Structures are given as C-alpha cells and as structure tokens.
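A short write-up of the structure that comes next.
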Amino acid sequence: MKRRFSSASSHLATKRRRRGAPAPSRPPRPANLFAADREYMLLLFETPSGFAVFRFCGSLINPPRSLEDIWLNFADSNTAKGVVLLMEFQTFEDKSSAINQNTGVSERLAEMIRVWLPGKKMAVGKPEYKEIIEETLEIKCLYNERVMEVMWGIQNCMPGLIPIEKSQLAKEDRLPSKGLQEFLKRYGCNVKPEMVNEQIVATASALSACDYVEKKYSLVLREAGAVIKDVSGISCEGWSLLDIATALKMIWKPKKVGNSSLVSKDESLKIGERCI
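Okay, so the sequence shown: first residue is 1 according to UniProt numbering, each after it adds one.
This is how it looks when you write it as structure tokens:
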C-alpha cells in the first residue's frame with residue numbers, strides 16, 4: 001500500500017512538472033502591510049463625536065488591487081489593524097464649525113492634521129472636505145470609491161480601532177461597501193447595505209477564504225483525479241472537488257473518513273480493495 005501511495009504521489013508530481021502548472025494567483029487575503037509598504041497615506045476619518053487621523057497602506061487602494069477585495073481587510077478589528085493605524089483622535093463639540101465651506105478648517109483641526117502630514121497625501125471621506133482642505137491648508141487630498149471602501153472598513157471596525165469613541169453611528173451615517181455588495185450579489189445574496197452587520201461580514205469573509213482555497217487547489221485536485229483512476233480504476237469525470245478530496249482521504253486516511261455519502265458504497269468498496 002505504501003508503495004502504491006509513493007507511486008501515485010510521484011505520478012502526480014511528474015504530471016504537474018510536465019504540464020508546467022502555474023502557481024496560484026496571489027490571494028485577496030488580508031495581511032499586515034505596514035512592514036513592507038512605505039507608501040503610506042494619511043486619512044481623516046469623521047466619527048459621531050469628532051475626527052481621527054489614521055495612517056494606512058497606500059497599496060491598499062492602488063491598482064492592481066481590486067476594489068472588491070478592500071473590504072476583506074476590515075472583516076474584524078484585528079485584521080484591520082494590519083492595514084490602518086490610529087495616530088490621533090479628538091472630540092469636537094461642534095463638528096460643523098471644525099470644517100465647513102464658509103470658515104474653512106478650524107485652527108484646532110488644522111493643527112491636528114499638520115502634525116501628522118509632512119509631505120503626505122491625505123484621504124478624506126467627503127468631496128467637500130477635499131475642496132476645503134486643499135484650498136485652505138494647501139494639502140493634496142484624495143477622494144474616490146476606493147477611499148470610501150477604507151472609510152466603510154474603519155466604520156465597521158470602529159469600536160476596536162477607536163475604542164475611546166463611545167457614540168454610535170446613526171443609520172443614515174453608515175456607509176455601504178461596494179466591494180462587499182458585489183461579492184454578496186455574486187453568490188445570490190441580495191442584502192441591502194443597511195442590513196449588513198458583523199455576522200454577515202464575518203460569513204462573507206469566511207466564504208471568500210473558502211473560495212480562494214478552492215481556486216488554489218482546483219488544478220491539483222483535478223490532476224489527483226487521474227491518480228485515483230490509476231489506483232482504483234474509478235473515473236472521477238464529473239466529480240466535484242469535494243468528491244475527489246473525499247476519495248483521496250479514503251485512500252490515504254480511510255479511518256478518518258468513515259462512511260461518506262459523497263462516494264457511493266460500491267466506489268468506496270472498490271477504492272478500499274485497491275488500496276489493500
């Protein structure tokens with residue numbers, strides 16, 4: 001049996017080398033980018049009671065990274081802390097006087113921005129903030145749909161990223177995530193932005209991780225199907241990846257599989273006989 005396994009493994013490795021199977025594409029998975037990313041930017045984030053200045057990885061919003069993948073970095077606070085870092089938070093009794101079209105940027109908010117901004121571009125969450133800050137402080141700002149994905153992410157993780165902020169966001173102030181909405185639609189989930197909660201984000205994140213694993217190992221498992229045919233004589237044509245994975249486990253780790261509904265009883269017996 002061990003010789004058969006060794007032969008099967010060698011056969012699969014040879015097939016992969018002969019076909020020149022490409023390495024799987026880089027996963028759209030969260031990672032701590034601060035260690036490698038020197039192109040960081042500043043971000044002005046408005047909370048219910050004040051303003052916060054964050055530093056975040058510029059590569060997070062720059063192509064070729066897909067807009068649809070940005071939300072994955074904000075599935076939870078621990079993941080978000082790998083791509084954004086709170087620099088300062090201050091409460092303002094009257095936020096409307098801190099920044100507006102008539103008076104520009106207040107001295108206090110301006111000082112808060114300038115302290116952290118030498119030579120850096122700043123992302124903002126409203127087009128009027130971009131206009132006001134660029135005109136009054138002569139600081140180049142960025143506002144686009146990718147920036148708004150980051151704003152949504154900070155909102156989603158606000159209790160963990162800004163623990164001193166105790167006020168809750170009003171429903172009308174909650175931002176939607178375009179990337180998350182597109183992801184949910186792709187799986188037939190028609191969820192209104194206002195219905196998105198922590199559980200939905202966590203479930204979508206887990207689904208995305210499973211989706212990546214399936215894509216990563218799809219080619220390998222399909223090639224393994226040919227090995228199953230060589231070992232057992234059973235054709236895996238038309239089998240799902242889960243069927244193939246189960247059959248492989250029945251060959252290599254039969255005691256851990258038990259009775260599986262994914263493989264028929266006859267096929268299970270046939271696989272077992274061939275592996276004795």
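We treat Cβ as the ideally placed atom computed from N, Cα and C, and that holds for glycine.
Predicted model only: the values in this text are computed from it and were never measured.
Separation of the CB atoms of Gly153 and Phe45 is rounded to 10 Å, and the pair is thereby denied contact status at 8 Å. Burial state of Leu248 is buried, judged by a 10 Å Cβ sphere holding 16 or more other Cβ atoms. Here the segment 102-112 makes no contact with the segment 179-186; the two share fewer than three CB pairs at distances below 8 Å. Judged by DSSP in its simplified three-state form, Gln90 adopts strand.
The straight-line gap separating the alpha-carbon atoms of Asn78 and Ser49 is approximately 23 Å. For the 9 Å CB-CB criterion, Leu180 and Val201 form a contact. Assignment of beta-bridge partners to Gly50 by DSSP yields Thr91. In the pairwise beta carbon analysis, the segment 81-93 is classified as touching the segment 50-62: at least three pairs are separated by under 8 Å. Within 10 angstroms of the beta-carbon of Ser97 lie fewer than 16 other beta-carbons, which makes it exposed. Under the three-state reduction of DSSP, Gly104 is assigned to strand. Note: Cys57 is bridge-paired with Tyr40 in the DSSP secondary-structure output.
Here Cys157 really is in contact with Asp76; their C-beta atoms are around 7 Å apart, less than 8 Å. At a Cβ-Cβ threshold of 9 Å, Ala123 and Ile61 count as neighbours. Following the DSSP letters along the chain, one finds Ala75 in no alpha helix (DSSP H), marked with neither H nor E.
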